[in-house]
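Participant: Residue numbers (our numbering), protein chains in the order written: chain A, 2 to 131; chain B, 135 to 706.
In this text, a Cβ means the ideal position worked out from N, Cα and C, and glycines have one as well.
In this text, all values refer to a predicted model and were calculated from it rather than measured experimentally.
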């Protein structure tokens with residue numbers, strides 16, 4: 002029986018691609034692996050151009066590594082995939098895609114109720130008269 | 135590659151606890167501030183990982199009566215093993231109560247006693263209980279601080295911006311150059327004052343509990359620009375960090391909770407023997423013991439020791455309850471990421487790099503040795519000395535963050551408009567474009583980063599030696615020559631992580647050289663620098679800072695005196 006984990010990854014470069022594509026990567030697995038471990042494996046062994054946000058807090062709180070796993074938003078650092086399974090990794094669906102699994106989350110503010118994006122897009126323009 | 139430049143009064147590099155506090159401090163003085171962060175909005179740094187809370191000498195609750203800034207100062211001084219700069223330490227001791235009140239104003243919910251005093255708990259090395267309690271500690275503090283900064287009109291945040299080089303005009307630092315990851319552009323943020331709040335360097339080691347981006351970049355940037363750096367050989371390791379399985383490698387398990395009052399368990403070797411006798415040794419002694427046990431061949435299959443809660447004298451239910459109350463988040467994370475319940479099975483732990491004791495030399499105003507450049511938080515050097523108390527790093531981010539931010543914004547009318555050298559920008563553009571060219575013997579940027587981490591594990595782990603450090607230095611010097619010429623990356627347009635890593639690898643090599651060189655320079659053992667060949671503390675010759683500065687293209691090391699002050703009369 003094939004114990005490999007099959008990872009289907011969303012790839013998209015807005016500057017050069019018309020449409021996104023999905024790539025399938027086989028990752029060898031003796032035991033279950035976290036999604037973050039799978040992504041790192043793919044970048045280190047198959048394709049160094051795969052773009053994703055790595056972990057920061059490493060305890061499931063900072064949300065830097067949030068992506069869509071099998072259609073639902075999940076933290077890559079704390080989501081486990083069993084051997085022999087297939088997993089689909091896509092960017093978060095509510096934000097514009099910058100590249101592959103990296104989205105533009107703008108500048109966030111957290112309140113007690115929810116997190117809001119208060120400034121979308123890229124640079125904050127702060128030009129002064131030169 | 136496109137290049138843009140923009141102007142502001144104060145630019146703060148790094149949006150962890152210190153950086154955000156500095157931005158707020160500068161905005162309070164009326165400055166326009168740009169706050170940059172390496173990653174997505176509000177996710178930066180080690181502050182949010184802080185497990186314990188912030189210390190402040192309120193002396194209000196019954197069991198803390200008698201506490202004062204002076205007692206706090208003396209406790210930190212004692213822990214610092216003789217290398218604390220007392221001018222900066224005085225600022226921390228004298229202003230911490232005000233800084234905690236600031237956090238409360240911003241919305242941090244500190245637990246209070248029935249009488250309305252700050253609820254404070256005891257901690258190793260503190261003469262009086264002075265650790266404040268916040269639910270979710272570092273994470274709460276970091277989030278609320280960031281929100282406060284967001285609410286200020288004068289603070290603009292630039293996310294996904296990898297600042298990697300300081301800009302100078304003559305001898306003055308006039309801003310920072312970085313890679314805008316979203317647009318794949320070079321951008322210079324010109325400013326009258328630049329504040330480095332880039333955190334520590336613990337991810338220079340392969341086994342670390344810090345976020346992977348925390349590699350001491352600010353130290354390398356300041357060094358390249360000519361600033362004086364202190365004490366890079368003092369690297370604080372933390373004993374009980376998970377080493378297996380890979381999905382949780384680097385996660386912290388609390389050593390302090392092993393005591394009878396909490397888990398009543400221990401760390402065990404491969405023969406099932408407990409390591410520690412009561413009273414449990416304090417951190418730096420504990421990690422040396424663990425290290426020696428592993429070196430003696432009594433370690434676990436993956437080179438660690440067993441953190442085994444199943445051997446506790448308490449019931450599983452009791453242990454589980456303590457685990458959930460004290461470190462609920464970690465406990466759940468380890469279950470989610472690895473499917474392991476640490477209450478039900480032993481796990482392998484090994485000391486991991488945890489905190490940078492030294493950094494960019496500052497005075498009590500947060501000023502570095504370069505005009506226009508400030509530093510605060512873990513990036514600064516060196517008020518806490520050769521070893522620190524738990525909880526003092528978080529305190530430092532607020533005390534010196536506020537101080538550096540304030541002084542960075544004062545008297546800016548007297549400072550000329552910042553300028554930059556166009557030639558330097560053209561050089562950078564060319565260096566970056568060279569990275570995508572074909573090379574005969576190419577190195578991948580991911581690999582260059584991993585190689586530095588291996589060298590640091592081999593040469594600058596817990597117990598150092600002349601031979602080990604010389605070997606490491608040789609490898610780093612060879613990487614210094616080879617890597618800039620040999621890194622090859624793909625030109626993938628936006629969010630090019632290979633490019634960011636290529637720039638980072640070159641900074642990592644520089645910071646590593648400073649660490650190893652400092653380790654070789656200091657011929658004694660003290661706090662978090664331990665040498666096999668010089669195992670004793672030597673106050674007569676070495677109660678000084680190890681200072682390093684760029685001279686003729688190379689690091690030049692020297693001894694610098696530790697600053698002492700009269701605490702009572704010292705004015706902040």
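Judging by CA-CA distance, which residue of 294/B, 529/B, 549/B is the nearest neighbour of residue 506/B?
Facilitator: Taking the first residue of the second chain as position 1, residue 506/B is located at position 372. Nearest of 294/B, 529/B, 549/B to residue 506/B, Cα basis: 549/B.
Participant: Residue 80/A touches chain B at which residues, Cβ-Cβ below 8 Å?
Facilitator: To locate residue 80/A, count along the first chain from 1; it is residue 79. Chain B residues near residue 80/A: 470, 471.
Participant: Can you tell which of 320/B, 143/B, 289/B has the C-alpha that lies nearest to the C-alpha of residue 297/B?
Facilitator: Start at 1 with the first residue of the second chain, and residue 297/B comes out as number 163. That would be 320/B, whose Cα lies nearest to the Cα of residue 297/B.
Participant: Using a Cβ-Cβ cut-off of 8 Å, state whether residue 10/A counts as contacting chain B.
Facilitator: Translated into positions along the first chain, residue 10/A becomes position 9. Interface with chain B (8 Å Cβ-Cβ cutoff): residue 10/A is excluded.
Participant: For residue 215/B, I'd like the list of residues in its chain whose CB is within less than 8 Å of its CB, leaving aside the five on either flank, ordered along the chain.
Facilitator: Residue numbering aside, residue 215/B sits at position 81 when the second chain is read from its first letter. The residues are 519, 520, 521, 660, 661, 671.
Participant: By Cβ distance, which residues of its chain are closer than 7 Å to residue 398/B, with the 5 residues on each side in sequence left out?
Facilitator: As a position in the second chain, residue 398/B is number 264, starting the count at 1. Correct list, in chain order: 446, 447, 448.
Participant: Run through DSSP, which three-state label would residue 149/B get?
Facilitator: Taking the first residue of the second chain as position 1, residue 149/B is located at position 15. Residue state, collapsed to three classes: coil.
Participant: What residues in its chain sit with their C-beta under 8 Å from that of residue 85/B, if we drop five residues either side in the sequence?
Facilitator: Chain B is shown from 135 up to 706; residue 85/B falls before or after that span and cannot be answered.
Participant: Sort 203/B, 485/B, 152/B, 554/B by Cα distance to residue 308/B and report the nearest one.
Facilitator: As a position in the second chain, residue 308/B is number 174, starting the count at 1. Measuring from the Cα of residue 308/B, the nearest candidate turns out to be 554/B.
Participant: If you follow the beta strand (DSSP E) that residue 314/B is in, where does it begin and where does it stop?
Facilitator: Here the question's residue 314/B lines up with position 180 in the second chain. Note, residue 314/B: beta strand (DSSP E), 306-314.
Participant: Taking DSSP as the reference, what is the three-state secondary structure of residue 259/B?
Facilitator: As a first step, residue 259/B is located in the second chain; it is residue number 125 there, counting from the start. The answer is coil: DSSP assigns residue 259/B none of H, G, I, E or B.
Participant: Quick check on residue 123/A - is its C-beta less than 8 Å from some C-beta in chain B?
Facilitator: On the first chain, position 122 is the one that residue 123/A refers to. Summary for residue 123/A: the model assigns pLDDT 43, below 50, so the residue's position carries little reliability, and this model does not support an answer.
Participant: Tell me, please, whether the CB atom of residue 35/A is closer than 8 Å to any CB atom in chain B?
Facilitator: Within the first chain, residue 35/A is the residue found at index 34, counting from 1. So, interface residue.
Participant: Hey, how far is the Cα of residue 47/A from the Cα of residue 144/B?
Facilitator: By one-based count along the first chain, residue 47/A stands at place 46. By one-based count along the second chain, residue 144/B stands at place 10. Rounded to the nearest angstrom, the two C-alpha atoms are 42 Å apart.
Participant: Taking the alpha-carbon of residue 701/B as reference, which of 202/B, 391/B, 176/B, 158/B has the nearest alpha-carbon?
Facilitator: By 1-based counting over the second chain, the position of residue 701/B is 567. Nearest option by C-alpha distance: 202/B.
Participant: From the DSSP output, in three-state form, read off residue 651/B for me.
Facilitator: As a working note, residue 651/B is residue 517 in the second chain. In this structure, residue 651/B counts as helix in the three-state DSSP scheme.
Participant: Residue 385/B touches chain A at which residues, Cβ-Cβ below 8 Å?
Facilitator: Translated into the one-based positions of the second chain, residue 385/B becomes position 251. Here the neighbours are 59, 60.
Participant: Starting from the C-beta of residue 678/B, find all residues in its chain whose C-beta is less than 7 Å away, skip the five residues before and the five after it, and write them out in chain order.
Facilitator: On the second chain, residue 678/B is found 544 positions in, with the first residue counted as 1. Answer for residue 678/B: 693, 694, 695, 696, listed in chain order.
Participant: Please classify residue 154/B as buried or exposed, where buried requires at least 16 neighbouring CB atoms within 10 angstroms.
Facilitator: Against the second chain, residue 154/B aligns to sequence position 20. When all chains shown are included, residue 154/B counts as buried.
Participant: Can you have a look at residue 573/B and say buried or exposed, based on whether 16 or more other CB atoms are within 10 angstroms of its CB?
Facilitator: Translated into the one-based positions of the second chain, residue 573/B becomes position 439. Classification of residue 573/B: exposed, given that the 10 Å Cβ count is below 16.
Participant: Whose CA, out of 345/B, 534/B, 688/B, lies closest to the CA of residue 614/B?
Facilitator: As a first step, residue 614/B is located in the second chain; it is residue number 480 there, counting from the start. Looking at the Cα atoms, 688/B is the closest of the given residues.
Participant: Three-state secondary structure (DSSP) at residue 501/B?
Facilitator: Here residue 501/B is taken as the residue at index 367 of the second chain, counted from 1. Residue 501/B: strand per DSSP, three-state reduction.
Participant: Taking the alpha carbon of residue 581/B as the point to measure from, which residue in 29/A, 44/A, 6/A, 21/A has its own alpha carbon closest?
Facilitator: For the purposes of this step, residue 581/B is taken as residue 447 along the second chain, with counting starting at 1. With distances taken between Cα atoms, residue 581/B lies closest to 44/A.
Participant: When we look at the beta-carbon of residue 470/B and count the other beta-carbons within 10 Å, is it buried (16 or more) or exposed?
Facilitator: Taking the second chain and counting its residues from 1, one reaches residue 470/B at position 336. Buried.
Participant: DSSP three-state label for residue 702/B, please.
Facilitator: Here residue 702/B refers to the residue found at position 568 of the second chain. If DSSP states are grouped into helix, strand and coil, residue 702/B belongs with coil.
Participant: Contact criterion: CB-CB distance below 8 Å. Does residue 52/A meet it with respect to chain B?
Facilitator: Position 51 of the first chain, counting from 1, holds the residue named residue 52/A. Yes, because at least one Cβ of chain B sits closer than 8 Å to the Cβ of residue 52/A.
Participant: Going by the CB atoms, is the gap between residue 250/B and residue 513/B shorter than 8 Å?
Facilitator: By 1-based counting over the second chain, the position of residue 513/B is 379. By 1-based counting over the second chain, the position of residue 250/B is 116. Contact: no.
Participant: Could you tell me if residue 357/B is buried or exposed, where buried requires 16 or more neighbouring beta carbons within 10 angstroms of its beta carbon?
Facilitator: Your numbering for residue 357/B matches position 223 in the second chain. The residue is buried, with at least 16 neighbouring Cβ atoms inside 10 Å.
Participant: For residue 467/B, which residues in chain A fall below 7 Å Cβ to Cβ?
Facilitator: On the second chain, position 333 is the one that residue 467/B refers to. By Cβ distance, chain A contributes 60, 61, 79.
Participant: Measuring alpha carbon to alpha carbon, tell me which residue in 115/A, 104/A, 108/A is nearest residue 629/B.
Facilitator: Here residue 629/B is taken as the residue at index 495 of the second chain, counted from 1. Residue 629/B has its Cα closest to that of 104/A, out of 115/A, 104/A, 108/A.
Participant: Buried or exposed: where does residue 675/B fall if 16 or more other Cβ atoms within 10 Å of its Cβ makes it buried?
Facilitator: For this step, residue 675/B is matched to residue 541 along the second chain. By the neighbour-count criterion, in which a residue is buried when 16 or more other Cβ atoms sit within 10 angstroms of its Cβ, residue 675/B is exposed.
Participant: By a C-beta neighbour count over all protein chains shown, 10 Å radius and 16 as the cutoff for buried, is residue 151/B buried or exposed?
Facilitator: The sequence position of residue 151/B within the second chain is 17, counting from 1. Buried, because 16 or more other Cβ atoms sit within 10 Å of the Cβ of residue 151/B.
Participant: Taking the alpha carbon of residue 135/B as the point to measure from, which residue in 667/B, 559/B, 635/B, 585/B has its own alpha carbon closest?
Facilitator: Here residue 135/B corresponds to residue number 1 of the second chain, with the count starting at 1. If we check each option's Cα against that of residue 135/B, 559/B comes out closest.
Participant: Indicate the three-state DSSP secondary structure (helix, strand or coil) for residue 66/A in the structure shown.
Facilitator: Counting from one through the first chain, the residue named residue 66/A turns up at place 65. Residue state, collapsed to three classes: coil.
Participant: If the cut-off is 7 Å on Cβ atoms, which residues from the region 611-643 of chain B count as contacting chain A, listed in chain order?
Facilitator: Cβ contacts with chain A come from 624, 626, 627, 628, 629, 631, 632.
Participant: List, in chain order, every chain A residue whose beta-carbon is nearer than 8 Å to that of residue 530/B.
Facilitator: Position 396 of the second chain, counting from 1, holds the residue named residue 530/B. Those do not exist, as residue 530/B stays about 20 Å from chain A at its closest Cβ, beyond 8 Å.
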